[in-house]
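Asks:
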Amino acid sequence: MKYLVKKIVTLIMTLFLVSVLAFLAFQIIPGDVVTSILGTEATPEREEALRKELGLDQPPVVRYVRWAGNVLKGDFGESYRYSKNMNQMMPVAELIGDKLPVTLLLAALSMLIIIVIAIPLGVFWARSKSKILDVSLNMGTQTAMAIPSFFLGVLVTYLFGFVLKWFAPGSYVSFRDDLWGCIRYLIFPAISVAIPKIAMTARFLRNSMLTERSSDYVRTAFSKGASERRVSYVHVLRNAMMPVVTFLGMIIAEIVAGSIVVEQVFSLPGIGKLLISSISTRDFPVVEILILYITFVVIFVYFLVDILYRVIDPRISSK
Amino acid sequence: MKKFGAWFQKQNMYLLVGLLMTGLAVVLGILSFFWTPYGTTTMSVAERFHAPSLRHLFGTDNFGRDIFSRVMQGIGTTVIVSSLIVLISASAGILIGAVTGYFGGILDEVIMRITDAVNAFPSILLALVVISILGSGKQNVVLSLGIVFTPSYVRIVRSEFIRLRDSDFVCRARLMGVSKLRILFIHILPNIWSVFWVSVTIGFNNAILAESGMSYLGIGVQPPDASLGKMLSDAQGYLGRAPWYALAPGLTIVWIVLGFSLLSEGVRRKEEKKK
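Chain order of the listed sequences is A and B.
To convert, note that position 167 of the first sequence is 167 in the working numbering; the numbers rise steadily by one, no gaps.
To convert, note that position 255 of the second sequence is 574 in the working numbering; the numbers rise steadily by one, no gaps.
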């Protein structure tokens, strides 16, 4: 319990620090936002008015407090670039809310593919005694991990889009119009996200199982007459999965960040693509919130994994 | 004995193949500063989209430029940029790691919290933040990735310094009145190289992946500097017509990254064997 409280306090502290950094970092940037919105031709009065409107005439601390207060209330501010209609800028919340489901769907699909393939593969690898299989799996996973995600995306596009013609690259349909069609398109980016992670997870699980294999309880199980199959699946796998859970947690964090690149490859309108375009157009209110959001997801996943780890392995908390 | 022979052979292979692969890339990259088979900006309408042949090893692109020459140039940029990134992050890592590891105290506590936070972060996101503040371009890529990768070295160097700070030879040096600076960098530092080299080779890997990824996204190295990532994103539009255009820079990145991971595995095994 004490541990939980300590963890939550750290979580909040980290988020606070990140929010301060995410906000202040964009206040010291060279190049005035006002000039970049209005152009260099605007009159000083017009510039002054906009500066007041955006609250930029206040000192940074005041602006941070106001910004953080609004964020806590769920008001994420307005984009500098996207307009909703003639007189109103697009609220950041709406902008992100529109893109978020794409990214989350992609992450969920990728995670599903990873778990479904990597865990059986890892177990199979650890149990196999064939030398050739071991070497080829070793080389195969090593190669899969060496392929950068964007190139993997290009390869998947080429193979499934141009050679096999299973999908038409660039023909993404919104999940609002056709959920099934959207998922069918998302499978391919999800595959590109999943392949290197499958390799990592399978390697990790295999090593973890091989380590567990030399423990005393395995010898005991064997001497009690348990079959090799039973020892592998019931005894070894359960213990070997412990570190894999943490590893999968890290992978979730990586997938969320990795979607920044993959969304670009498959031109998916997710938050990764939004982040890149907001950085290029210097749309700071959007960038700030996105960074805060992605950080939050990453930290929160780590937090959950930490807690989960203690729940599934009571030995840790008793130590 | 037979088992040992197989193991021995295998460990040499990692190092050997890794060295060959990275060596070839580095040589081609450096060579590109002096000579390329064709001009990297020479365009020719008649030679557009030629498939790979003996004349054009990797084929030609949409402007009729020789892809092999451009890939060589891209490797050159990648080699320079990633070496600088590793240089910055590794030396910063040694300095910070040595001081915090040896002296400990509040400074250590603070720096460890920061490196923990940075380490927990996906590196691409952090690099994006720095880039969005500094703006894109070659120097800023080096600077941002240099900063982003520093904590990974701090971690390793620090833990090694903590391991060694109370060892006999360090205590003896301290008793003899050797200056702190000398203890840190003349007495302790040479003992951590074995661990350090492994992380340097891994660091090269991460640097190359991050650099090409950022260039692919259009926020890294900017034209006229050639870069493999940018080439790949240019080639993507012609994937149906000229797949070799995308395959050439992509496979080159894989080649280099694979070379460095084999190299790091080889170094690791070599050092393990020494112990």
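The C-beta atom is built at its ideal place from N, Cα and C for all residues, glycine as well.
For the beta strand (DSSP E) that contains A/Q88, what are its first and last residues?
Replies: That run of the beta strand (DSSP E) goes Q88 to P91.
Asks: Could you give the first and the last residue of the continuous alpha helix (DSSP H) run that contains A/Q58?
Replies: No alpha helix (DSSP H) holds A/Q58; DSSP gives it neither H nor E.
Asks: Does any C-beta atom of chain B lie closer than 9 Å to the C-beta of A/K319?
Replies: With a pLDDT of 47 at A/K319, under the threshold of 50, the predicted position of this residue should be treated as unreliable, though the coordinate-derived value follows. Chain B, which has no Cβ nearer than 9 Å to the Cβ of A/K319, makes this no.
Asks: So if I threshold CB-CB distances at 8 Å, which residues from the stretch 244 to 270 of chain A count as touching chain B?
Replies: Of all residues in the stretch 244 to 270 of chain A, A253, E254, V256, A257, G258, I260, V261, Q264 and V265 have a Cβ within less than 8 Å of some Cβ in chain B.
Asks: Please name the residue, chosen from B/L551, B/L547 and B/A565, that lies closest to B/T396 on a Cα-to-Cα basis.
Replies: The candidate whose alpha carbon is nearest that of B/T396 is B/L547.
Asks: Does A/Y302 pass the burial test, meaning 16 or more other C-beta atoms within 10 Å, or should it be called exposed?
Replies: So A/Y302 ends up on the buried side.
Asks: What is the rounded straight-line gap between the Cα of A/K319 and the Cα of A/L4?
Replies: Its pLDDT being 47, under 50, A/K319 is placed unreliably by the model, and nothing is read from it.
Asks: Should A/F16 be labelled buried (16 or more other beta-carbon atoms within 10 Å of its own) or exposed?
Replies: Classification of A/F16: exposed, given that the 10 Å Cβ count is below 16.
Asks: Should A/I312 go down as buried or exposed, given a rule of 16 or more other Cβ atoms within 10 Å for buried?
Replies: Counting Cβ neighbours within 10 Å, A/I312 comes out exposed, since fewer than 16 surround it.
Asks: Using alpha carbons as the reference points, say which of B/F468, B/Y357, B/A492 and B/E590 lies closest to B/A436.
Replies: Cα-wise, what sits closest to B/A436 is B/F468.
Asks: For chain B, find out if any of its Cβ atoms is closer than 9 Å to the Cβ of A/F76; answer yes or no.
Replies: Not closer than 9 Å to any Cβ of chain B, the Cβ of A/F76 fails to qualify, so no.
Asks: Starting from A/Q264 and walking both ways along the alpha helix (DSSP H), at which residues does that stretch end?
Replies: From DSSP, the alpha helix (DSSP H) with A/Q264 extends over L237 to V265.
Asks: Taking A/P196 as the reference, give the member of A/P44, A/K7, A/M139 and A/F124 with the closest Cα.
Replies: Of the candidates A/P44, A/K7, A/M139 and A/F124, the one whose C-alpha sits nearest the C-alpha of A/P196 is A/M139.
Asks: Spatial neighbours of B/I481 within its chain, please: C-beta separation below 7 Å, excluding the five flanking residues on both sides.
Replies: These residues qualify, in order along the chain: G420.
Asks: For a test of the three-state rule: what should DSSP assign to A/S79, helix, strand or coil?
Replies: A/S79 falls in the strand class under three-state DSSP.
Asks: Is it true that the stretch 401 to 410 of chain B meets the stretch 368 to 378 of chain B, where meeting means three or more beta-carbon pairs spaced less than 8 Å apart?
Replies: No: the two stretches stay apart, fewer than three of their Cβ pairs being nearer than 8 Å.
Asks: Note the first and the last residue of the continuous alpha helix (DSSP H) segment covering B/Q392.
Replies: Counting along the chain, the alpha helix (DSSP H) containing B/Q392 begins and ends at I386 to F422.
Asks: Three-state secondary structure (DSSP) at B/T520?
Replies: Reduced to three states, the DSSP call for B/T520 is helix.
Asks: Any chance you could list the alpha helix (DSSP H) runs of at least 4 consecutive residues sitting entirely within the stretch 146 to 234 of chain A, in chain order?
Replies: As far as the stretch 146 to 234 of chain A is concerned, its whole alpha helix (DSSP H) runs of at least 4 residues are 149 to 156, 179 to 213 and 216 to 223.
Asks: When the Cα atoms are used, what is the spatial distance from B/E428 to B/M550?
Replies: Taking the straight line joining both Cα atoms gives about 44 Å.
Asks: What does B/S531 reach in chain A if we use C-beta pairs closer than 9 Å?
Replies: In chain order: P148, F150 and F151.
Asks: Hey, would you say A/T201 sits closer than 9 Å to A/V244, going by beta carbons?
Replies: Going by C-beta atoms, A/T201 is nearer than 9 Å to A/V244.
Asks: Closer than 7 Å, Cβ to Cβ, to anything on chain A: give me those residues from the stretch 554 to 575 of chain B, in chain order.
Replies: The stretch 554 to 575 of chain B vs chain A, Cβ under 7 Å: Q555, L558, G559, P562, A565, G569, I572 and V573.
Asks: Using a C-beta cutoff of 9 Å, does B/G456 count as contacting chain A?
Replies: It does not: the Cβ of B/G456 has no partner Cβ on chain A nearer than 9 Å.
Asks: Which of the three DSSP states is assigned to A/K319 in this structure?
Replies: Note that A/K319 scores a pLDDT of 47, beneath 50, so its modelled location is shaky; the value from the coordinates is reported in the next line. In the structure shown, A/K319 sits in coil (DSSP, three-state: anything other than H, G, I, E or B).
Asks: Using only alpha-carbon positions, find the residue among B/F387, B/S583 and B/N381 that is nearest to B/P371.
Replies: It is B/F387 whose Cα lies nearest to the Cα of B/P371.
Asks: For a cutoff of 9 Å on Cβ pairs, would you count A/M111 as touching chain B?
Replies: No - not a single Cβ of chain B is within 9 Å of the one on A/M111.
Asks: Could you check whether the stretch 281 to 293 of chain A touches the stretch 67 to 82 of chain A, counting it as contact only if at least three pairs of C-beta atoms, one from each stretch, sit closer than 8 Å?
Replies: Counting Cβ pairs under 8 Å, three or more are found: they touch.
Asks: Would A/F162 and B/G559 be called neighbours here (beta carbons separated by less than 9 Å)?
Replies: Their beta carbons are under 9 Å apart, which means A/F162 touches B/G559 by this criterion.
Asks: Considering Cα atoms alone, identify which of A/D98, A/L21, A/L24 and A/M1 is closest to A/I271.
Replies: For the residues A/D98, A/L21, A/L24 and A/M1, the minimum Cα distance to A/I271 belongs to A/D98.
Asks: With a threshold of 16 other CB atoms inside 10 Å of the CB of B/S401, please say whether the residue is buried or exposed.
Replies: Answer is buried; the Cβ neighbour count reaches 16.
Asks: Using a Cβ distance threshold of 8 Å, determine whether the stretch 564 to 583 of chain B contacts the stretch 338 to 346 of chain B, with at least three qualifying pairs required.
Replies: Verdict: yes, contact present.
Asks: Check whether the Cβ of A/G161 lies closer than 9 Å to any Cβ atom in chain B.
Replies: Yes, A/G161 counts as interfacial toward chain B.
Asks: To the nearest angstrom, how far is it from the Cα of A/F204 to the Cα of A/V236?
Replies: Approximately 14 Å between the Cα atoms of the pair.
Asks: Would you mind listing the alpha helix (DSSP H) stretches within the stretch 428 to 466 of chain B that are 4+ residues and don't spill past its ends, in chain order?
Replies: Taking only runs of at least 4 residues, the alpha helix (DSSP H) segments lying wholly in the stretch 428 to 466 of chain B are 442 to 453.
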